[in-house]
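**Student:**
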Amino acid sequence: MTTTFETERRSGLLRVGGTVLPYAVLVLSIVPILVGYLWILIATFSYRTQGLFPIDAQGKIGGFTLQNWTFLTDPQIWRVTFNSLMIALGMVVGVGFISTLTGYALSRMNFRGRKGFLGLTLVLHAFRPELLLIAIFQVLLFIAGIPVVGKAFGFNTVGGVAIVMVSLELPLGVWLMKGFFDNISWDMERAALIDGASRFRVWWEVILPQIKPGIAALAIFNFISGWNAYLIPYTFTIGAKVSNLSVYLNQFSGDTSPTGWNQVAAVGLFQLIPILIFFLFTQEALLNIYGGGTKGGA
7 MTTTFETERR SGLLRVGGTV LPYAVLVLSI VPILVGYLWI LIATFSYRTQ GLFPIDAQGK
67 IGGFTLQNWT FLTDPQIWRV TFNSLMIALG MVVGVGFIST LTGYALSRMN FRGRKGFLGL
127 TLVLHAFRPE LLLIAIFQVL LFIAGIPVVG KAFGFNTVGG VAIVMVSLEL PLGVWLMKGF
187 FDNISWDMER AALIDGASRF RVWWEVILPQ IKPGIAALAI FNFISGWNAY LIPYTFTIGA
247 KVSNLSVYLN QFSGDTSPTG WNQVAAVGLF QLIPILIFFL FTQEALLNIY GGGTKGGA
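This is the structure:
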């Protein structure tokens, strides 16, 4: 009797431990992230910080200031913010449109070279952007020499940066969308084709509404990638007229002057706001991924 009781007690403890342990690990893993965001909030409205404590102008703990937000009066900040927004939205539209079309074709159609194309997208995604900088530079210079088009999409243009960013993110986008299309049933699609609908109309009116969670996920990934882009804008743009927020933020860390970490925190918080707003508009569709938003099988 005692042995049975001890066995049941140990089993109960193991079940409780198995339930609590994942949450404990999750909490411990997010603590550094929460501390980082807390420091940003404190540093943004402080003269300086010592750890997580705000320090006022007299060197005492406390104090509140808005001096770190004076960058909002700089005309450049609004120009680079607009450029960042154009790059991010260009990626959302460009990668989303091309990836959904390509992913649909790869999922639903059998054509010569299909498997080779799928393998090629994986190979392209494996290349780091740093390895392609010289080739990209040559391509942008070539585009810059084309009348009219070069002024919008050549070297040292926001359009040129957007095209490069779209090209770099397309392989991942195609694979993600193909995976979502593979999980959509053929029934409604076949019925629409029998009724005389074109492939494009089936894609637009029948299939796309069923993969809204996937489109939302891809949109969030691309918006964040475009909004926070640094390497490509830094390499292929000159001057604030065509620069973006991440490159603008770099000016606060000079080689000969001390870094203004409190100003960096303020600009970083300002840069975070549009991402939060964009996520609020797309989170409902994104959460449907975990709630059975895509059903069916190919």
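Heads up: the sequence shown runs through residues 7 to 304, numbered per this note's numbering. The beta carbon of each residue, even a glycine, is placed where N, CA and C say it ideally should be.
Use the C-beta contact count for Tyr-43: other C-beta atoms within 10 angstroms, 16 or more gives buried, fewer gives exposed.
**Tutor:** Exposed, because fewer than 16 other Cβ atoms sit within 10 Å of the Cβ of Tyr-43.
**Student:** What is the DSSP secondary structure of Thr-243, reduced to helix, strand or coil?
**Tutor:** coil
**Student:** Short check: CB of Ile-220 to CB of Phe-186, under 7 Å?
**Tutor:** Correcting the residue identity first, residue 220 is Gly in this sequence and not Ile. Closer than 7 Å, so yes.
**Student:** Decide if the region 172 to 189 is in contact with the region 96 to 113; the criterion is three or more beta carbon pairs, one per stretch, under 8 Å apart.
**Tutor:** yes
**Student:** CA-CA distance, Ser-35 and Leu-58?
**Tutor:** 19 Å
**Student:** Using only CA atoms, which one of Ile-200, Trp-210, Lys-218, Ser-231 lies nearest to Met-171?
**Tutor:** Closest in C-alpha terms to Met-171, from the list Ile-200, Trp-210, Lys-218, Ser-231, comes Ser-231.
**Student:** For Gly-245, does the count of other Cβ atoms within 10 angstroms reach 16, so buried, or fall short, so exposed?
**Tutor:** exposed
**Student:** Tell me which residue opens and which closes the beta strand (DSSP E) that Gln-56 is part of.
**Tutor:** 54 to 56
**Student:** Do Thr-50 and Asn-74 have their beta-carbon atoms positioned less than 7 Å apart in this structure?
**Tutor:** yes
**Student:** Answer yes or no: do Glu-175 and Val-101 have a C-beta to C-beta separation smaller than 7 Å?
**Tutor:** yes
**Student:** Using 8 Å as the cut-off, can you tell me whether the region 266 to 274 makes contact with the region 238 to 256, which would need three or more C-beta pairs spanning the two stretches below that distance?
**Tutor:** yes
**Student:** With distance defined between alpha-carbon atoms, name the residue in Lys-218, Val-98, Gln-289, Ala-30 nearest to Ile-190.
**Tutor:** For Ile-190, the closest of Lys-218, Val-98, Gln-289, Ala-30 by C-alpha to C-alpha distance is Lys-218.
**Student:** Using the beta-carbon count (16 or more within 10 Å), is Gln-289 buried or exposed?
**Tutor:** exposed
**Student:** Check whether the region 75 to 86 touches the region 199 to 213, counting contact only when three or more Cβ pairs, one atom from each stretch, lie closer than 8 Å.
**Tutor:** no
**Student:** Would you mind sorting Lys-301 into buried or exposed? The rule is 16 or more other CB atoms within 10 Å of its CB.
**Tutor:** At Lys-301, the pLDDT of 44 sits below 50, so the modelled position is not reliable; the number obtained from the coordinates is stated separately. Per the 10 Å Cβ criterion, exposed.
**Student:** Is the beta carbon of Phe-229 closer than 7 Å to that of Val-98?
**Tutor:** yes
**Student:** Near Ile-104, what residues of its chain come up, given a Cβ to Cβ distance below 7 Å and the 5 sequence neighbours on each side ignored?
**Tutor:** Leu-176
**Student:** So if DSSP puts Pro-60 in a beta bridge, which residue, or which two residues, is it bridged to?
**Tutor:** Thr-55
**Student:** When burial is assigned at 16 or more other CB atoms within 10 Å of the CB, is Asn-116 buried or exposed?
**Tutor:** exposed
**Student:** So the candidates are Thr-241, Val-37, Leu-124; which of them puts its Cα closest to the Cα of Phe-143?
**Tutor:** Thr-241
**Student:** Just verifying my parser: in three-state terms, what is the DSSP assignment at Ile-217?
**Tutor:** helix
**Student:** Closest to Gln-269 by CA distance: which of Leu-255, Leu-32, Ser-204, Leu-130 is it?
**Tutor:** Leu-255
**Student:** Return the first residue and the last residue of the alpha helix (DSSP H) that Lys-66 is part of.
**Tutor:** Premise fails: Lys-66 is in no alpha helix (DSSP H) and is neither H nor E.
**Student:** With burial defined as no fewer than 16 other Cβ atoms inside 10 Å of the residue's Cβ, what is the status of Leu-27: buried or exposed?
**Tutor:** Exposed: under 16 other Cβ atoms inside 10 Å.
**Student:** Under 8 Å by Cβ, that's how I've got Leu-237 and Pro-135 pegged, so tell me the actual separation to the nearest angstrom.
**Tutor:** 6 Å
**Student:** Given a cut-off of 7 Å on the beta-carbon distance, is the pair Gly-68 and Tyr-53 in contact?
**Tutor:** no
**Student:** Would you kindly report the start and end of the unbroken alpha helix (DSSP H) that includes Ser-113?
**Tutor:** 81 to 114
**Student:** For Trp-233 versus Ala-30, is the C-beta spacing smaller than 7 Å?
**Tutor:** The answer is no: Cβ separation not under 7 Å.
**Student:** Compare the Cα-Cα distances from Phe-285 to each of Gly-160, Ile-226, Trp-267 and report the closest residue.
**Tutor:** Ile-226
**Student:** Hey, Ile-48 and Pro-38: beta-carbon distance below 7 Å or not?
**Tutor:** no
**Student:** Just to check my reading of the structure: Ala-150 and Gly-165 have Cβ atoms closer than 8 Å, yes? What is that Cβ distance to the nearest angstrom?
**Tutor:** Not a contact, Cβ separation roughly 11 Å.
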